[in-house]
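Novice:
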Amino acid sequence: MEKFDQRVAVLRLGHRPSRDKRVSTHLLLAARAFGSEKGYYTGTQDNSLEESIRKITSYWGGNFTLDYAHSWKAVTKNWEGRIVHLTMYGIPFQEIVEEIRLDESPKLVIVGGAKVPGEVYNTADWNVAVTSQPHSEVSALAIFLHEFYQGKELGLEFPGARLKVLPQAKGKKLKTKTRGV
Ligand code: SAM
Numbered sequence: 000m001e002k003f004d005q006r007v008a009v010l011r012l013g014h015r016p017s018r019d020k021r022v023s024t025h026l027l028l029a030a031r032a033f034g035s036e037k038g039y040y041t042g043t044q045d046n047s048l049e050e051s052i053r054k055i056t057s058y059w060g061g062n063f064t065l066d067y068a069h070s071w072k073a074v075t076k077n078w079e080g081r082i083v084h085l086t087m088y089g090i091p092f093q094e095i096v097e098e099i100r101l102d103e104s105p106k107l108v109i110v111g112g113a114k115v116p117g118e119v120y121n122t123a124d125w126n127v128a129v130t131s132q133p134h135s136e137v138s139a140l141a142i143f144l145h146e147f148y149q150g151k152e153l154g155l156e157f158p159g160a161r162l163k164v165l166p167q168a169k170g171k172k173l174k175t176k177t178r179g180v
């Protein structure tokens, strides 16, 4: 499988390079690996975050791109589709996943950082809780994408990859491909 009919972009709020580098990187890598094609982030612009994501995509394939936005509203006001906000205060995911899936428009999935502005809750079409317990933006996003795509994302192919894992029961094997060959 190469592509899904349902497009999902992820918006990470309030990135702070000094504190969030690892978690923002992991969040965006999870977004890419689980079927999203586009990431946005707000907060402080971070060239090294952008470079890490660009490098991963260049080696491991696919079309994932990341853009910085000076404010979350700059992304939401131009978004042609519907908006999901992941928050432990929202409606339990299992109660509305079907409704979200049946909606055919592209989805923007917003995940918070340090402090989520109250307006985000009103802007979202769905405020979704992946359990009503506090945990992490990475786990919330991974579960969201997995349920939303009903597991189909597990077989996703990443076109143009220069590196590919050859799955092994034991040990590690990589297939490498030189660009343009
Ligand atoms: N203190 C922040 C606030 O003001 O809401 C939340 C911090 S939390 C570590 C970061 C993000 O993880 C949240 O904004 C949310 O997107 C996501 N998150 C954490 N637990 C969640 C849950 N149970 N369901 C959905 N998303 C969750």
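Quick note on numbering: the sequence shown equals residues 0 to 180 in numbering that gives the first Met the number 0.
Positions of the beta carbon are idealized from the N, C-alpha and C atoms, including for glycine.
Treat the numbers as computed from the prediction; the structure is a model and nothing was measured.
1. Just tell me which of K172, K20 and E97 has its CA closest to the CA of Q190.
2. Is DSSP giving K174 helix, strand or coil here?
3. Grouping DSSP H, G and I as helix and E and B as strand, with all else coil, what is K20?
4. Using DSSP with H/G/I as helix, E/B as strand and the rest coil, what is H25?
5. Tell me which residue opens and which closes the beta strand (DSSP E) that T41 is part of.
6. Roughly how many angstroms separate the alpha carbons of E118 and I90, rounded to a whole number?
7. I'd like to know if the stretch 41 to 53 and the stretch 75 to 92 are in contact, where contact means that at least 3 CB-CB pairs between them fall below 8 Å.
8. With a threshold of 8 Å, are at least 3 pairs of Cβ atoms found where one atom belongs to the stretch 105 to 118 and the other to the stretch 55 to 68?
9. Exposed or buried, what is N62 when buried is set at 16 or more other beta-carbons lying within 10 Å of its beta-carbon?
10. Using the Cβ count rule (16 or more neighbours within 10 Å means buried), how would you classify S135?
11. Would you call the CB atoms of G60 and A160 closer than 8 Å?
12. At which residue ranges does the stretch 89 to 131 contain complete beta strand (DSSP E) runs of 3 or more residues, listed in the order of the chain?
13. For the alpha helix (DSSP H) that contains K54, what are its first and last residues?
14. Considering only the alpha carbon of each residue, which of T56, K72 and H25 lies closest to N121?
15. Candidates D19, H14 and E146: which alpha carbon is nearest L101's?
16. Between the alpha carbons of L12 and A139, how many angstroms are there, rounded?
17. Comparing C-alpha positions only, which one of V137, L173, G154 and Q167 sits nearest to A29?
Specialist: On the basis of the data shown:
1. Shown here, the chain extends from 0 to 180; a query on residue 190 therefore has no answer.
2. The sequence position of residue 174 within the sequence shown is 175, counting from 1. Strand.
3. Your numbering for residue 20 matches position 21 in the sequence shown. Note: K20 maps to helix in three-state DSSP.
4. On the sequence shown, residue 25 is found 26 positions in, with the first residue counted as 1. Reduced to three states, the DSSP call for H25 is helix.
5. Locating residue 41 in the sequence shown gives position 42, counting from the first residue. It spans K37 to G42 - the beta strand (DSSP E) in which T41 sits, taken as one unbroken run.
6. Start at 1 with the first residue of the sequence shown, and residue 118 comes out as number 119. Start at 1 with the first residue of the sequence shown, and residue 90 comes out as number 91. E118 and I90: Cα-Cα distance of roughly 17 Å.
7. In the pairwise beta carbon analysis, the stretch 41 to 53 is classified as not touching the stretch 75 to 92: fewer than three pairs are separated by under 8 Å.
8. No: fewer than three Cβ pairs fall under 8 Å.
9. As a first step, residue 62 must be located in the sequence shown, where it is residue number 63. So N62 ends up on the exposed side.
10. The sequence position of residue 135 within the sequence shown is 136, counting from 1. With fewer than 16 Cβ atoms within 10 Å of its Cβ, S135 is classed as exposed.
11. Residue 60 sits at position 61 when you count from the first residue of the sequence shown. Residue 160 sits at position 161 when you count from the first residue of the sequence shown. Result yes, Cβ atoms of G60 and A160 sit closer than 8 Å.
12. Taking only runs of at least 3 residues, the beta strand (DSSP E) segments lying wholly in the stretch 89 to 131 are 106 to 110 and 125 to 128.
13. Numbered from 1 along the sequence shown, position 55 holds the residue referred to as residue 54. Membership of K54 in the alpha helix (DSSP H) is indicated by the continuous run N46 to W59.
14. Taking the sequence shown and counting its residues from 1, the one referred to as residue 121 is at position 122. Here the closest residue by C-alpha is K72.
15. To locate residue 101, count along the sequence shown from 1; it is residue 102. Residue E146 is the option with its Cα nearest to L101.
16. The residue given as residue 12 occupies position 13 in the sequence shown. The residue given as residue 139 occupies position 140 in the sequence shown. Using only the alpha carbons, I get a separation of about 14 Å.
17. Locating residue 29 in the sequence shown gives position 30, counting from the first residue. Considering only alpha carbons, the answer is V137.
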